[in-house]
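For this note's numbering, count along the sequence shown from 1 and bump the result up by 2. Heads up, the thing below is written out as structure tokens.
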Amino acid sequence: MDVLYPEDNSYEDYYNAEGLEEFGLCKKTHVKEFSHVFLPVFYSITCALSIIANLTLLILFIKYKTLRKVLPLHMVISDILFTLSLPFWAVYASSEWIFGDQSCKAISLVYMVTLYSSNLFVASQSLERFMDLACVVSTTSIFKSPKRNTVMCILVWLFSVLGAAVHVSFVGTQKLHDQHICTYHFNDKVGWKIYGRFQMNILGFVVPFLVLLFCSVRLPCVAEVRSPFKVFRHEAGFTVMFFFIWFPYSVVIFLFALQDLHVFYACTTNIHFDFAIHVTECIAFMHVFINPVLYIFLNKKVWRRLRNACKTPREYLLEESNSSSVISSQGGAIELKAVQRYQAQDLSISAERPNNFLPEPM
Numbered sequence: 003m004d005v006l007y008p009e010d011n012s013y014e015d016y017y018n019a020e021g022l023e024e025f026g027l028c029k030k031t032h033v034k035e036f037s038h039v040f041l042p043v044f045y046s047i048t049c050a051l052s053i054i055a056n057l058t059l060l061i062l063f064i065k066y067k068t069l070r071k072v073l074p075l076h077m078v079i080s081d082i083l084f085t086l087s088l089p090f091w092a093v094y095a096s097s098e099w100i101f102g103d104q105s106c107k108a109i110s111l112v113y114m115v116t117l118y119s120s121n122l123f124v125a126s127q128s129l130e131r132f133m134d135l136a137c138v139v140s141t142t143s144i145f146k147s148p149k150r151n152t153v154m155c156i157l158v159w160l161f162s163v164l165g166a167a168v169h170v171s172f173v174g175t176q177k178l179h180d181q182h183i184c185t186y187h188f189n190d191k192v193g194w195k196i197y198g199r200f201q202m203n204i205l206g207f208v209v210p211f212l213v214l215l216f217c218s219v220r221l222p223c224v225a226e227v228r229s230p231f232k233v234f235r236h237e238a239g240f241t242v243m244f245f246f247i248w249f250p251y252s253v254v255i256f257l258f259a260l261q262d263l264h265v266f267y268a269c270t271t272n273i274h275f276d277f278a279i280h281v282t283e284c285i286a287f288m289h290v291f292i293n294p295v296l297y298i299f300l301n302k303k304v305w306r307r308l309r310n311a312c313k314t315p316r317e318y319l320l321e322e323s324n325s326s327s328v329i330s331s332q333g334g335a336i337e338l339k340a341v342q343r344y345q346a347q348d349l350s351i352s353a354e355r356p357n358n359f360l361p362e363p364m
């Protein structure tokens with residue numbers, strides 16, 4: 003991730019020296035100052051929030067076996083790995099790349115793989131719920147739920163690694179303006195550069211969003227529940243949030259692809275695009291802590307476990323005593339009603355008994 007040197011042409015949030023040749027001398031001092039100040043702060047805050055949210059969910063998965071599911075667990079692992087790359091980019095944004103060429107490739111690989119896999123795991127969870135409700139699965143089939151989820155995890159990681167390999171094959175360090183940068187080296191291979199942009203949009207946004215949209219529309223129709231609105235609300239929560247987080251970033255990447263095709267070439271336009279890629283990228287990076295938070299709040303079992311875990315011993319004992327008193331009072335009321343009912347029956351029997359023993363009138 004080349005987040006530095008906004009005076010060069012941008013590739014997603016990466017910048018390289020090709021922009022100087024394509025656009026001439028285009029001063030981007032304000033963009034550079036903005037990235038030096040804003041990006042390290044934002045990455046640090048995002049990293050802290052992500053660690054808190056993802057570790058909380060991971061601890062719940064470890065502590066409670068009933069909450070543990072394959073796809074959400076892999077989503078958490080993916081987001082944690084993505085989070086671990088943020089400190090490197092924060093240091094890079096504040097100064098230069100100081101970690102060497104191999105680290106540049108390794109961190110870029112982790113960044114791209116986890117970016118793809120996180121979004122695909124979010125979509126896979128909705129697809130799993132849809133398949134559980136809509137598909138009649140044979141007990142001997144490989145697509146039985148546990149095996150199916152394992153296959154889905156393997157496919158997600160496989161597609162993510164293959165997608166990231168295209169990007170990482172062009173990543174490396176170079177020295178520019180007496181500073182080391184971690185950037186792409188496409189040279190004259192503009193086709194690969196454009197391909198990388200469209201792949202980023204298709205694999206990182208279009209495919210997951212279409213899966214989420216399909217499941218959020220179809221699940222309420224196939225779910226055998228009295229209130230399909232609850233099912234729709236759960237699915238729509240992830241779909242709407244995913245759209246608002248990733249759609250702006252995808253639009254800017256698409257505009258950069260048009261710029262590579264020389265549809266846009268003005269210096270002022272390029273500067274606006276650089277500002278836009280910084281802002282929309284930061285919005286997109288918020289997924290690392292929004293995903294676990296949204297999963298906790300939309301999953302009643304997980305939320306209940308977390309709420310109970312956060313209670314102090316005094317609050318827990320107070321709640322238990324209140325619930326016990328409610329149960330005992332209810333039991334006392336039931337017992338009192340039974341006694342009253344028995345006494346009423348006894349009185350009615352005693353009232354009828356004299357009539358039974360009176361002599362028949364003459």
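Don't be surprised by glycine CBs; every beta carbon is placed ideally from N, CA and C.
(message) Rounded to the nearest angstrom, what separates Lys-107 and Gly-174 at their Cα positions?
(response) 6 Å
(message) Tell me which residues share the same chain as Arg-131 and place their Cβ nearer than 8 Å to its Cβ, disregarding the 5 neighbours each side in the sequence.
(response) Cys-217, Leu-221 and Glu-237
(request) Compare the C-alpha of Asn-56 against each of Leu-300, Pro-74 and Lys-191 and name the closest. (result) Pro-74
(request) Starting from the Cα of His-179, find the closest Cα among Lys-195, Ile-156, Trp-99 and Glu-283 and give me that residue. (result) Trp-99
(message) Could you tell me the alpha carbon to alpha carbon distance between Lys-71 and Cys-223, rounded to whole angstroms?
(response) 24 Å
(request) Kindly list the residues whose CB is nearer than 7 Å to the CB of Ser-372, restricted to its own chain and excluding five residues on each side of it in sequence; keep chain order. (result) In the structure as shown, the chain starts at 3 and stops at 364, and residue 372 therefore has no counterpart that could be examined.
(request) Jot down the residue ranges of each uninterrupted alpha helix (DSSP H) in the region 163 to 221, minimum 4 residues, whole runs only, in chain order. (result) 192 to 203
(request) Please report the residue range of the alpha helix (DSSP H) in which Trp-91 lies. (result) 72 to 96 is the span of the alpha helix (DSSP H), which, as asked, contains Trp-91.
(message) Taking 7 Å as the threshold (C-beta atoms), are Leu-69 and Ser-128 in contact?
(response) no
(request) Compare the beta carbon distance of Leu-59 and Pro-294 with 7 Å and say whether it is the shorter of the two. (result) In this structure, the beta-carbon distance from Leu-59 to Pro-294 falls below 7 Å.
(message) What does the alpha-carbon distance come out to for the pair Ile-196 and Ile-64?
(response) 42 Å
(message) On a Cα-Cα basis, can you pick out the residue from Asn-189, Phe-207, Phe-172 and Lys-313 that is closest to Val-253?
(response) Phe-207
(request) Please go through the same chain and pick out, in chain order, the residues whose beta-carbon is closer than 8 Å to the beta-carbon of Val-170, but skip the five residues on each side of it. (result) Listed in chain order, the non-local C-beta contacts of Val-170 below 8 Å within the same chain comprise Lys-107, Ser-110, Leu-111 and Met-114, local neighbours out to five positions each way being set aside.
(request) Would you mind working out which of His-274, Ile-273, Trp-159 and Thr-31 sits nearest Ser-80, comparing C-alpha positions? (result) Nearest C-alpha to Ser-80: Trp-159.
(request) State the Cα-Cα distance for the pair Val-304 and Thr-270, rounded to the nearest angstrom. (result) 49 Å
(request) Check Trp-159 in the structure and name its three-state DSSP category. (result) helix
(request) Following the continuous alpha helix (DSSP H) through His-274, name the residue where it begins and the one where it ends. (result) 269 to 287
(request) Could you check the C-alpha separation between Phe-25 and His-264 for me, to the nearest Å? (result) Residue placement at Phe-25 is flagged as unreliable, the pLDDT there being 42, under the threshold of 50; a coordinate-derived value is accordingly withheld.
(request) Express the C-alpha separation of Val-242 and Gly-268 in angstroms, rounding to a whole number. (result) Looking at the sequence shown, residue 268 is not Gly but Ala. Rounded to the nearest whole angstrom, the CA to CA distance from Ala-268 to Val-242 is 34 Å.
(message) I'd like the list of long-range same chain contacts for Phe-44, defined as Cβ closer than 7 Å, with 5 residues on each side in sequence excluded.
(response) Cys-284
(message) Going by DSSP in three states, Val-290 sits in which element: helix, strand or coil?
(response) Here DSSP, grouped into helix, strand and coil, assigns Val-290 to helix.
(message) Just verifying my parser: in three-state terms, what is the DSSP assignment at Leu-263?
(response) coil
(request) Within the same chain, show all residues whose beta-carbon is closer than 7 Å to that of Gly-198, passing over the 5 residues directly before and after it, in chain order. (result) Val-168 and His-169
(message) Could you give the first and the last residue of the continuous alpha helix (DSSP H) run that contains Phe-40?
(response) 31 to 65
(message) Less than 7 Å between the beta carbons of Ala-286 and Trp-248, yes or no?
(response) yes
(request) Would you kindly work out how many angstroms separate the C-alpha atoms of Phe-188 and Phe-234, rounded to a whole number? (result) Distance between the alpha carbons of Phe-188 and Phe-234: 44 Å.
(message) For the alpha helix (DSSP H) containing Lys-303, name the first residue and the last one.
(response) From DSSP, the alpha helix (DSSP H) with Lys-303 extends over 302 to 311.
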